[in-house]
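J.:
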Amino acid sequence: MDRLNEKQRNKLFVSIIIPIVLYIGCLLMEHVKVSDIPWMISWLQESNDSVMDTYPVFWFAPLFAAGMDVYIEACINIKHGNFLDEKFLMMIATLGAFYCREYSEAVAVMIFYQIGEFFQSYAVGKSRNAISELMSIAPDFANREIADGKYESIDPDDIEVGDILAVFAGEKIPVDAIVIEGEGYLNTSALTGESMPLTVKAGDEVISGCINGDTLLKIQAVKTYENSTVSQILELVENAANKKSKTERFITRFAKYYTPIVVGCAVVLAVVPSIIFGNWVEWILRACTFLVISCPCALVISVPLAFFGGIGAASKIGALIKGANYLEMMANLDVLVSDKTGTLTSGEFKVTTVDAVEGNTCDDVLKFAAAIEKVSTHPIAKAIVSACDNPVMESMISDVVNVPGKGMIGDVGFSKIIAGNAALLSENGVIIPEDVVATKNTIVYVAKNGKYIGSIEVADEPKLDAKSALENIRKEGVSKVVMLTGDSEEAAAKAAGELGITNFRAELLPQDKVKYVEGLLAMIQGEKKFLAYIGDGINDAPVLARSDIGIAMGSLGSDAAIEAADIVIMDDKLDKIASLIGIARKTIGISKTNIIFALAVKIICLILGALGIANMWVAVFADVGVAIICILNSMRMLLNNKETKNVEG
Amino acid sequence: MKKKYKLEDLDCANCAAKMEEAINKIDGVNEASVSFLTEKLIIDAEDDKFEAVLEEAQKIITKVHSSTRIIK
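For the record, the sequence lines run as chains A and Y.
Using the working numbering, count along the first sequence one by one with no gaps and you end on 771.
Using the working numbering, count along the second sequence one by one with no gaps and you end on 107.
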């Protein structure tokens, strides 16, 4: 019972504690005779009956103490034409019970109802707090540099692009920025859920929300707080709760039809037996009891709450889900399609073999290729450059041209060098000897002055955790894992073999990927199975859009990824997907349990209520008690993950 | 134009659902959603009708639950 806000504390006191005191007082007075109280006799009439029997009007004290705010709100709502308000029903029920001389019961029920409402509001408040705590990744302040090398503490909102900021040890990076001075490491766990430190140095980009390690970093803002990663993530998660899952929409539709039906039954219950048996007060009371039982509050609150918790739990492990509906689909994921390079493989190429024809050394081949590849940012170029130990002097290199998708051409000294794929060489009149065999990896062929001199083989490795991650994904019930890539057949086969994937297609252009995915989608059409595609968000936008669930990985939240995908995984750990499926299943499980439980209890109580077996106690339990149980169950989604985080430290 | 507002004093999930349905029916509204858990109202409506839509929305909201206010 921590931190009740003022409103809640007032309510607790006024509507619950005071009435309970008065109630107990009245109960006592039931056993005290009027004649026992001398001072009473003087202003009341003499009687041998108990105080309460003589003056039942005293019962109004606890009743109004407990029910005043309910009655007032009921009347206000009637003024606005809202008759089906729960509070109005409680008013009729309790006043009606009073009329039937069931004083203590009426008061007890009203107090019980207020206790229930109080718990409900407490539970919802706690859940809301839990979610915003999960989201407490936002930085609260920043240190901006002003004259004399001093710093002023400012609100992150006030940061402008270009501001120089200092981030001391242990502080949060306030906005997306570039490091201009300092070297150290960052803790990205708030965003990615991983506690692996990320090393940074001058020139590196850093994003808001990360916590600085031991050293002072001086950074320059590239974005305002509003546009920085943290704000975008918070916004995304908030909006996600608004994008409803099928289950939530079902509940809303259900409540829409359910309410008029129940009201109709209640009216029948009130009117028909009254005509037959008379005794209309009793039947009206029963109808009210009926309506109180039927209130769908339990469902309408607990189901969205479970999804809210699921989305929050996902963001804790660094997976941002854009809508509750995607979480729902993940629970029934059947097919997982993945891009190869950068997703299943590290995306970092390494030179594996260098081959040279007679008259040339491997060293030369590498040297010449590296010289012209130096200006390219392509991962393959980088691999070649880093593999070369004795590079050519800068002044010897000139006229370097990049041929997109094919390779590089340039001059080294007086020689014209070509480095690229087979197509590039043949286009430039270079003949590659027959016996140069295509291997399983990507090959860069090198030519000097129109003659083929050798080749460089590069490969990228599957991610270390990829194989086990895929196994876990299969364990979670995904029946099919498919790899699609634009890379060569050989490279694809090699990677697939190492990862344990049997279904793969290679040498695909983006539109081929879309077509293939459409084919897979058609196969699971109509069943409650879904397809997810994992890619890097930048090149795979069409496929991500076409899939049921588009998942973008890595790039620590690049704008392109966030835009294109339905789920964004902040780092590049594949095992997050298996965890996500687990979270999704748990969320759906909790929702289903709640729905079945609430409906079952309510239907039973409705029948009992109609038959007159259930009294108002049962009614209030069926409404408020059930709601509390369902809400507590939904809260498990939030709290469970909190525990896990503590255990991991 | 799509705008987000915080709602003050929204205690009942049922009310949120009723408000959402009614607001979606206002002339000029493309899409509206009321979230009980985040206490937010999101309205996507035609620019020139936006003011009127917002006023109408508040009226609807008050009718369903008298003390709930849109915070502008």
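All C-beta atoms in this analysis are idealised placements derived from N, C-alpha and C, irrespective of residue type, glycine included.
#1: Can the beta-carbon of A:Ala-700 be found closer than 8 Å to that of A:Leu-666?
#2: Going by beta-carbon coordinates alone, are A:Ala-230 and A:Tyr-145 separated by less than 8 Å?
#3: Measure the CB-CB distance between A:Ala-420 and A:Ala-720 and report whether it falls below 8 Å.
#4: Between A:Val-422 and chain B, is any beta-carbon pair separated by less than 8 Å?
#5: Given a threshold of 16 other Cβ atoms within 10 Å of its Cβ, counted over all protein chains shown, does A:Tyr-448 qualify as buried or as exposed?
#6: Using a 10 Å radius around the Cβ and a threshold of 16 neighbouring Cβ atoms, would you call A:Gly-218 buried or exposed?
#7: Do the region 236-245 of chain A and the region 129-142 of chain A make contact, defined as three or more Cβ pairs closer than 8 Å?
#8: Less than 8 Å between CB atoms is the rule here; does Y:Tyr-40 satisfy it with respect to chain A?
#9: Specify the secondary structure class of A:Lys-528 as computed by DSSP and reduced to three states.
#10: Compare the C-alpha of A:Ser-243 against each of A:Asn-550, A:Gly-747 and A:Leu-760 and name the closest.
#11: Could you name the residues of chain A that Y:Asn-65 contacts, counting a contact when the two beta carbons are closer than 8 Å?
#12: Measuring straight from C-alpha to C-alpha, what distance separates A:Val-228 and A:Phe-412?
#13: Provide the residue span of the beta strand (DSSP E) that contains Y:Glu-66, from first to last.
#14: Do A:Ser-330 and A:Asp-298 have their C-beta atoms within less than 8 Å of each other?
#15: Starting from A:Arg-408, trace the alpha helix (DSSP H) in both directions and tell me its first and last residue.
#16: Any beta carbon of chain Y sitting closer than 8 Å to that of A:Asn-512?
#17: Residues in its own chain within less than 8 Å of A:Asp-175 by CB, not counting five upstream and five downstream?
#18: Using only the alpha-carbon positions, how far apart do A:Pro-632 and A:Leu-606 sit?
#19: Whose C-beta lies closer than 7 Å to the C-beta of A:Glu-495 among residues of the same chain, with five residues either side of it excluded?
#20: Leaving out five residues on either side along the sequence, give the residues of the same chain with a beta carbon under 6 Å from the beta carbon of A:Glu-274.
#21: Taking Cβ-Cβ distances below 8 Å as the criterion, which residues of the region 416-441 of chain A are in contact with chain Y?
#22: Which bits of chain Y does A:Thr-369 rub up against, with CB to CB less than 7 Å?
#23: Output yes if chain A places a C-beta closer than 8 Å to the C-beta of Y:Phe-71; else output no.
#24: Between A:Val-301 and A:Asp-285, which are expected to be in contact by the criterion C-beta below 8 Å, what is the C-beta distance as a whole number of angstroms?
#25: So does A:Gly-608 have its beta carbon nearer than 7 Å to some heavy atom of the ligand HEM?
#26: State buried or exposed for A:Val-246, treating a residue as buried only when at least 16 other CB atoms are found within 10 Å of its CB.
#27: Report the three-state DSSP secondary structure of A:Ser-437 (helix, strand or coil).
#28: With a threshold of 8 Å between beta carbons, is A:Thr-772 in contact with chain Y?
#29: Please list the partners that Y:Ile-77 has in chain A, where partner means a Cβ-to-Cβ separation under 9 Å.
#30: If we ignore side chains and look at the alpha-carbon of each, how far apart do A:Val-487 and A:Pro-555 end up?
#31: Spell out a yes or no on whether the region 701-714 of chain A and the region 595-606 of chain A are touching, meaning 3 or more CB-CB pairs, one atom from each, closer than 8 Å.
#32: Using a C-beta to C-beta distance shorter than 9 Å, which residues of chain A count as neighbours of Y:Ala-80?
#33: Contact criterion: CB-CB distance below 8 Å. Does Y:Asn-49 meet it with respect to chain A?
#34: Who are the near neighbours of Y:Glu-74 in its chain, counting only those whose CB is closer than 7 Å to its CB and skipping five residues on each side?
#35: I need the straight-line Cα distance from A:Gly-622 to A:Tyr-638, nearest angstrom please.
#36: Just to confirm my understanding: we take A:Val-514, look at its own chain, exclude 5 residues before and 5 after, and list those with CB closer than 7 Å. What are they?
T.: With the given structure in hand:
#1: Position 578 of the first sequence, counted from the first residue, corresponds to residue 700 of chain A. Position 544 of the first sequence, counted from the first residue, corresponds to residue 666 of chain A. No. Outside cutoff.
#2: Here residue 230 of chain A is taken as the residue at index 108 of the first sequence, counted from 1. Here residue 145 of chain A is taken as the residue at index 23 of the first sequence, counted from 1. In this structure, A:Tyr-145 lies closer than 8 Å to A:Ala-230 by Cβ.
#3: For the purposes of this step, residue 420 of chain A is taken as the residue at position 298 of the first sequence. For the purposes of this step, residue 720 of chain A is taken as the residue at position 598 of the first sequence. Their beta carbons are under 8 Å apart, which means A:Ala-420 touches A:Ala-720 by this criterion.
#4: The structure shown has no chain B; the protein chains it does contain are A and Y.
#5: The count along the first sequence starts at 1 and reaches residue 448 of chain A at position 326. Flag for A:Tyr-448 reads buried.
#6: Numbered from its first residue, the first sequence carries residue 218 of chain A at position 96. With 16 or more other Cβ atoms within 10 Å, it is buried.
#7: yes
#8: Taking the first residue of the second sequence as position 1, residue 40 of chain Y is located at position 5. For Y:Tyr-40, the answer is no, since every Cβ of chain A falls outside 8 Å of its Cβ.
#9: One-based indexing of the first sequence puts residue 528 of chain A at position 406. Three-state DSSP puts A:Lys-528 in coil, outside helix and strand.
#10: Residue numbering aside, residue 243 of chain A sits at position 121 when the first sequence is read from its first letter. Taking only the C-alpha atoms, the option nearest A:Ser-243 is A:Gly-747.
#11: For the purposes of this step, residue 65 of chain Y is taken as the residue at position 30 of the second sequence. Per Cβ cutoff of 8 Å: no residues; Y:Asn-65 is ~14 Å from chain A at best.
#12: For the purposes of this step, residue 228 of chain A is taken as the residue at position 106 of the first sequence. For the purposes of this step, residue 412 of chain A is taken as the residue at position 290 of the first sequence. One detail in the question is off: residue 228 of chain A reads as Ala in this sequence, not Val. Straight-line Cα distance between these residues: approximately 16 Å.
#13: If you number the second sequence from 1, residue 66 of chain Y lands on position 31. First-last of the beta strand (DSSP E) with Y:Glu-66: 64-70.
#14: As a working note, residue 330 of chain A is residue 208 in the first sequence. As a working note, residue 298 of chain A is residue 176 in the first sequence. Taking 8 Å as the Cβ cut-off, A:Ser-330 and A:Asp-298 qualify as a contacting pair.
#15: Translated into the one-based positions of the first sequence, residue 408 of chain A becomes position 286. 402-416 is the span of the alpha helix (DSSP H), which, as asked, contains A:Arg-408.
#16: Working through the first sequence from its first residue, we reach residue 512 of chain A at position 390. For A:Asn-512, the answer is no, since every Cβ of chain Y falls outside 8 Å of its Cβ.
#17: One-based indexing of the first sequence puts residue 175 of chain A at position 53. Answer for A:Asp-175: Glu-152, listed in chain order.
#18: For this step, residue 632 of chain A is matched to residue 510 along the first sequence. For this step, residue 606 of chain A is matched to residue 484 along the first sequence. If you take the alpha carbons of A:Pro-632 and A:Leu-606, they lie about 10 Å apart.
#19: Position 373 of the first sequence, counted from the first residue, corresponds to residue 495 of chain A. Ala-503, Ile-506, Val-507, Met-530 and Ala-541.
#20: What you label residue 274 of chain A is simply residue 152 of the first sequence in a count that begins at 1. Counting only Cβ-Cβ distances below 6 Å, and skipping sequence neighbours, we find Arg-266 and Ile-268.
#21: Cys-417, Pro-418, Cys-419, Val-422, Ile-423, Pro-426, Leu-427 and Phe-430
#22: By one-based count along the first sequence, residue 369 of chain A stands at place 247. None at all; the shortest Cβ gap to chain Y is about 14 Å.
#23: The residue labelled residue 71 of chain Y in the question sits at position 36 within the second sequence. Yes, Y:Phe-71 lies at the interface with chain A (some Cβ there is under 8 Å from its Cβ).
#24: Taking the first residue of the first sequence as position 1, residue 301 of chain A is located at position 179. Taking the first residue of the first sequence as position 1, residue 285 of chain A is located at position 163. With a Cβ gap of about 14 Å, A:Val-301 and A:Asp-285 do not count as contacting.
#25: Ligands displayed in this structure: none; no statement on the ligand HEM is therefore possible.
#26: Translated into the one-based positions of the first sequence, residue 246 of chain A becomes position 124. With 16 or more Cβ atoms within 10 Å of its Cβ, A:Val-246 is classed as buried.
#27: As a first step, residue 437 of chain A is located in the first sequence; it is residue number 315 there, counting from the start. Helix.
#28: Missing from the structure shown is residue 772 of chain A; chain A here goes from 123 to 771 and no further.
#29: In the second sequence, residue 77 of chain Y corresponds to position 42, counting from 1. Within chain A, the residues near Y:Ile-77 are Asn-361 and Asn-364.
#30: In the first sequence, counting from the first residue as 1, residue 487 of chain A sits at position 365. In the first sequence, counting from the first residue as 1, residue 555 of chain A sits at position 433. A:Val-487 and A:Pro-555: Cα-Cα distance of roughly 16 Å.
#31: yes
#32: Position 45 of the second sequence holds residue 80 of chain Y. Within chain A, no residue comes near Y:Ala-80; the closest Cβ sits about 16 Å away, beyond 9 Å.
#33: Position 14 of the second sequence, counted from the start, is the residue given in the question as residue 49 of chain Y. Yes - at least one Cβ of chain A is within 8 Å of the one on Y:Asn-49.
#34: Position 39 of the second sequence, counted from the start, is the residue given in the question as residue 74 of chain Y. Same-chain partners within the cutoff: Lys-41, Leu-42 and Leu-45.
#35: Your numbering for residue 622 of chain A matches position 500 in the first sequence. Your numbering for residue 638 of chain A matches position 516 in the first sequence. Rounded to whole angstroms, A:Gly-622 to A:Tyr-638 spans 20 Å at the Cα level.
#36: Mapped onto the first sequence, residue 514 of chain A falls at position 392. Contacts found: Lys-489, Ala-493 and Val-534.
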